[in-house]
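Asks:
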Amino acid sequence: MCFGFWRVHRSSFTCNSFCQTGARSGDFPDLSRIEKLTHNARKGPAPLATSPCEGGGNLEFHPVLTTSKNSAHDKENISMKSPVYLNALRAFEASARHGSFVEAAAELNVTAPAVGQLVRGLEEWLGTPLFYRTATGKTRLMPTEAANRALPDIREGLDRLSLGLERLKEGAAGRVLTVTVSPAFAAKWLLPRIERFQARVREVDIRLDTSLKLADYAAQGIDIGVRYGAGDWPGLVSEKLMEEEVFPVCSPTLRGSLKLQQPDELAACTLIHDVSVDPSSGFMTWDLWFKTVGSTQTTQPRGLTINNSAAVLQAAIDGRGVALARSILAHDDLAAGRLVRLFPDRSAASPLAYYVTYRPDFAGLPRLAAFRDWLFEEALAERPAA
2 MCFGFWRVHR
12 SSFTCNSFCQ
22 TGARSGDFPD
32 LSRIEKLTHN
42 ARKGPAPLAT
52 SPCEGGGNLE
62 FHPVLTTSKN
72 SAHDKENISM
82 KSPVYLNALR
92 AFEASARHGS
102 FVEAAAELNV
112 TAPAVGQLVR
122 GLEEWLGTPL
132 FYRTATGKTR
142 LMPTEAANRA
152 LPDIREGLDR
162 LSLGLERLKE
172 GAAGRVLTVT
182 VSPAFAAKWL
192 LPRIERFQAR
202 VREVDIRLDT
212 SLKLADYAAQ
222 GIDIGVRYGA
232 GDWPGLVSEK
242 LMEEEVFPVC
252 SPTLRGSLKL
262 QQPDELAACT
272 LIHDVSVDPS
282 SGFMTWDLWF
292 KTVGSTQTTQ
302 PRGLTINNSA
312 AVLQAAIDGR
322 GVALARSILA
332 HDDLAAGRLV
342 RLFPDRSAAS
352 PLAYYVTYRP
362 DFAGLPRLAA
372 FRDWLFEEAL
382 AERPAA
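What follows is the structure in structure tokens.
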């Protein structure tokens, strides 16, 4: 049996930004170099690479054959001293989460054989399998009972390492805050206001991650986000930022041509449907809005159907029809006169709201706290007077 480990001589290795499940690419020795290590492990003990280290000495990467009588002792030393097992744990955790070496490799930016070799090396060292392997099916790797028991602790450990490095980076220049929001919230609310935060906190750079999909904060290195929903996301702190109401809007030109007296009459208009959020979550659709305001009218998804809330509003601005606007996203367009509200006496509160979300362990990070406080100040300034 053979496998490799990293041998360190009077040196340290550098930790960069974090990646999946708290461990980002570059925090530990590069997984791509592990591929070389495992490939050449049988060629002998010569170093694969040598790098000069601060203060003298070198950082050497050696393959080591564990066939001696002292292999158990060697394994114990490796477990305590070898950073390669951090990479093996990363490979194991990602493989368990995806149920596939291929998908784990894509996440970790290495090849599937390299991930498989790391996992097999870990299994050999432990003396027990970590997966039940199947030849077919979407999920080809199923963690064993022992693996499932260990995974929560391993994930927590990787998250704690992530937090530790984040704290170390707090003293570095050019600190980055990674923020996740939906594309519509970014375009209609956050980006028009972000300059005020940047003017206040000049030492923090914003990295904006926009997606309709719910981000995995640990896996994707997300610091903080604004999510739209009911406020319940496991593993995250959720603080309600803004509530909103939903109402019909159209362009001023279109409004002038419509002779509307009651909401029921909207059924004769071209309605713009927003399908960016699953209706089963409580998202306000036209049918739900008609029901909420006491109308018996029902609609069919005719006209325009769009899966981006910002594009829905833009279509209404362009006179393409009547849109069901969310008050937070439509705020600036209404204030600027690009949109006008129909039936202002008919109000329908959305069952969903905007929440500031972050991992509990990250609450004390100064840059996160500064951004969170700024978000609440902005929301408070726009709240209608009671």
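All letters in the sequence shown, in the order written, are residues 2 to 387 by this note's numbering. Every residue gets a Cβ at the ideal spot worked out from N, C-alpha and C, and that includes glycine.
1) Among Pro253, Ile195, Arg360 and Gln221, which residue has its Cα nearest to the Cα of Glu378?
2) Between His40 and His99, what straight-line distance do the alpha-carbon atoms span, to the nearest angstrom?
3) Please list the terminal residues of the continuous alpha helix (DSSP H) segment that includes Leu242.
4) Is it right to say Arg203 is buried, meaning 16 or more other beta carbons lie within 10 angstroms of its own, or is it exposed?
5) Helix, strand or coil: which one does DSSP assign to Lys44?
6) Could you compute how far the alpha carbon of Thr179 sits from the alpha carbon of Leu376?
7) Please name the residue, chosen from Ala349, Asp206, Ser101 and Leu209, that lies closest to Leu289 on a Cα-to-Cα basis.
8) Looking at Leu191: is its Cβ nearer than 9 Å to the Cβ of Leu209?
9) To test your reading of the DSSP string, which unbroken alpha helix (DSSP H) runs of 4 or more residues are found completely within the stretch 129 to 196?
10) With distances taken from CA atoms, which of Arg197, Thr211 and Ala200 is nearest Ala188?
11) I need the straight-line Cα distance from Gly230 to Leu127, nearest angstrom please.
12) Going by DSSP, name the residue or residues bridged to Val357.
13) Nearest to Arg368 by CA position, among Val250, Asp206 and Thr306, is which residue?
14) Taking 9 Å as the cut-off, decide whether the C-beta atoms of Gly283 and Pro352 are in contact.
15) Taking buried to mean at least 16 other C-beta atoms within 10 Å of its own C-beta, is Glu240 buried or exposed?
16) Assuming contact is defined by CB atoms lying nearer than 9 Å, are Ile307 and His332 in contact in what I supplied?
17) Is Arg342 helix, strand or coil by DSSP?
18) Look up Ala324 in the DSSP assignment and give the residues it is bridged to.
19) Measuring straight from C-alpha to C-alpha, what distance separates Lys260 and Ala354?
20) When the Cβ atoms of the stretch 261 to 272 are set against those of the stretch 335 to 342, are three or more pairs found closer than 8 Å?
21) Can you tell me which of Ala185, Asp374, Thr297 and Pro144 puts its alpha carbon nearest to the alpha carbon of Leu314?
22) Would you call the CB atoms of Arg228 and Leu215 closer than 9 Å?
23) Looking at the structure shown, is Ser348 part of a helix, part of a strand, or coil, going by DSSP?
24) Taking C-alpha atoms, which residue in Pro264, Pro114 and Arg201 lies nearest to Asp346?
25) Please list the segments of the alpha helix (DSSP H) lying wholly inside the stretch 198 to 227, counting only runs of 4 or more residues, in order along the chain.
26) For Leu305, does the three-state DSSP call read helix, strand or coil?
27) How long is the line joining the alpha carbons of Lys82 and Leu242, rounded to whole angstroms?
28) Hey, Glu245 and Ile318 are a contact pair by Cβ (cut 8 Å); roughly how many whole angstroms apart?
29) Have a look at Ala220, Thr145, Arg141 and Arg360 and flag the residue whose alpha-carbon is nearest the alpha-carbon of Leu131.
30) Apart from the five residues on each side of it in sequence, which residues of its chain come closer than 7 Å, Cβ to Cβ, to Leu381?
31) Determine whether the beta carbon atoms of Pro249 and Val323 lie at a separation below 9 Å.
32) I need the DSSP call for Phe284, collapsed to helix, strand or coil.
33) By Cβ distance, which residues of its chain are closer than 7 Å to Leu119, with the 5 residues on each side in sequence left out?
34) Tell me the DSSP secondary structure of Trp234 in three-state form.
35) Give the single residue among Asp224, Glu124 and Phe291 whose Cα lies nearest to the Cα of Leu166.
36) Counting C-beta neighbours from all protein chains within 10 Å, is the total for Asp160 16 or more, i.e. buried, or is it exposed?
Replies: Based on what the coordinates show:
1) Ile195
2) Per-residue confidence for His40 stands at a pLDDT of 42, beneath the threshold of 50, marking its modelled position as unreliable; the derived number appears in the next sentence. If you take the alpha carbons of His40 and His99, they lie about 24 Å apart.
3) In the DSSP annotation of this structure, Leu242 is not part of any alpha helix (DSSP H); the continuous beta strand (DSSP E) holding it starts and ends at Val238 to Cys251.
4) exposed
5) Its pLDDT being 40, under 50, Lys44 is placed unreliably in this model, and the value from its coordinates should be taken loosely. DSSP places Lys44 in helix when its eight states are reduced to three.
6) Spanning the alpha carbons of Thr179 and Leu376 requires a straight line of approximately 14 Å.
7) Ala349
8) yes
9) 146 to 170
10) Thr211
11) 43 Å
12) Val227 and Glu240
13) Asp206
14) Pro352 sits close to Gly283, with the two beta carbons spaced by under 9 Å.
15) exposed
16) no
17) Reduced to three states, the DSSP call for Arg342 is strand.
18) Paired residues: Val250 and Ile273.
19) 32 Å
20) no
21) Ala185
22) yes
23) Ser348 sits in coil when the DSSP states are folded into three classes, being neither helix nor strand.
24) Pro264
25) Counting whole runs of 4 or more residues, the stretch 198 to 227 contains the alpha helix (DSSP H) stretches 218 to 221.
26) strand
27) Low confidence applies here, because Lys82 scores a pLDDT of 41, under 50, leaving its location unreliable and the question unanswered by this model.
28) Not really, about 19 Å apart at Cβ, beyond 8 Å.
29) Thr145
30) none
31) yes
32) coil
33) The residues are Ile35, Asn88, Ala89 and Ala92.
34) coil
35) Asp224
36) buried
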